[in-house]
Amino acid sequence: MSGFWGLEVKPGAKPTPLRKQPGEMVMVLKQAALAPTGKLSADPSVLSVSVGSDTNERFVLCHLASGKCEQWAIDLGFGPDEEVNFHLTGKCAVHLTGFYEMDDDSDDEDEMDSEEEEMARMQVAPPHRPPGCYPRAR
Numbered sequence: 002m003s004g005f006w007g008l009e010v011k012p013g014a015k016p017t018p019l020r021k022q023p024g025e026m027v028m029v030l031k032q033a034a035l036a037p038t039g040k041l042s043a044d045p046s047v048l049s050v051s052v053g054s055d056t057n058e059r060f061v062l063c064h065l066a067s068g069k070c071e072q073w074a075i076d077l078g079f080g081p082d083e084e085v086n087f088h089l090t091g092k093c094a095v096h097l098t099g100f101y102e103m104d105d106d107s108d109d110e111d112e113m114d115s116e117e118e119e120m121a122r123m124q125v126a127p128p129h130r131p132p133g134c135y136p137r138a139r
């Protein structure tokens, strides 16, 4: 199961959280693009991310600039328990888009349960043989 998500990050000192409430799915970030609203600036907008409670430790994801590099492809997944915040410097807002997907750990458990159930259904009792009637060893 998967689904689309989108988020607008506005420039400023306040970080933008990826999730407004805890979830059970992985959120995969696929693209960052300059928002078409407002006046575009020649100055770059720098998008960065912080993971965990320390929002001072940031990692740059991309530099976006009008007329030069207005969007950037990304392939970055964030687990359901991760506290993720985006930070933006510059004058232009940035749209982030991606999709939700099931956490691989829960998929593995579901697959194992399904496989075990199917194995139990497929188990057949050994054939009944009268005493002394066994296949010969070769």
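Letter 63 of the sequence shown, counting from 1, is numbered 64 in our numbering, and no numbers are missing. All C-beta atoms, glycine included, are put in the ideal place defined by N, C-alpha and C.
Check: Closest Cα partner of VAL47 within the set GLU102, PHE100, THR98, LYS92; Outcome: LYS92
Check: Where GLU119 falls: helix, strand or coil (DSSP); Outcome: helix
Check: Among GLY80, THR90, GLU84, LEU41, the one whose alpha carbon lies nearest that of LEU145; Outcome: No information on residue 145 is available, as it lies outside the stretch 2 to 139 that the chain covers here.
Check: Short Cβ contact (8 Å threshold) for PHE79 with VAL10; Outcome: no
Check: Inter-residue spacing [alpha-carbon to alpha-carbon] between GLY68 and PHE5; Outcome: 27 Å
Check: Helix, strand or coil at CYS70 [DSSP, three-state]; Outcome: strand
Check: C-beta neighbour in chain C for LEU97, strict 8 Å; Outcome: The structure shown contains no chain C; it holds only a single protein chain.
Check: Start-to-end residues for the beta strand (DSSP E) that takes in LYS31; Outcome: 26-35
Check: Residue from GLY7, PRO16, SER3 whose Cα sits closest to the Cα of GLU84; Outcome: PRO16
Check: Contact check, LEU30 vs VAL95, beta carbons under 8 Å; Outcome: no
Check: Residues near HIS88 by beta carbon distance below 6 Å, same chain, minus five either side; Outcome: PRO16, SER49, ARG59
Check: Environment of GLY99 [buried if 16+ CB atoms lie within 10 Å]; Outcome: buried
Check: Proximity winner among ARG20, GLU71, THR56, relative to THR148 (alpha-carbon distances); Outcome: Outside the shown range of the chain, which is 2 to 139, sits residue 148, and nothing can be said about it.
Check: Bridge-paired residues (DSSP) for CYS63; Outcome: LEU48
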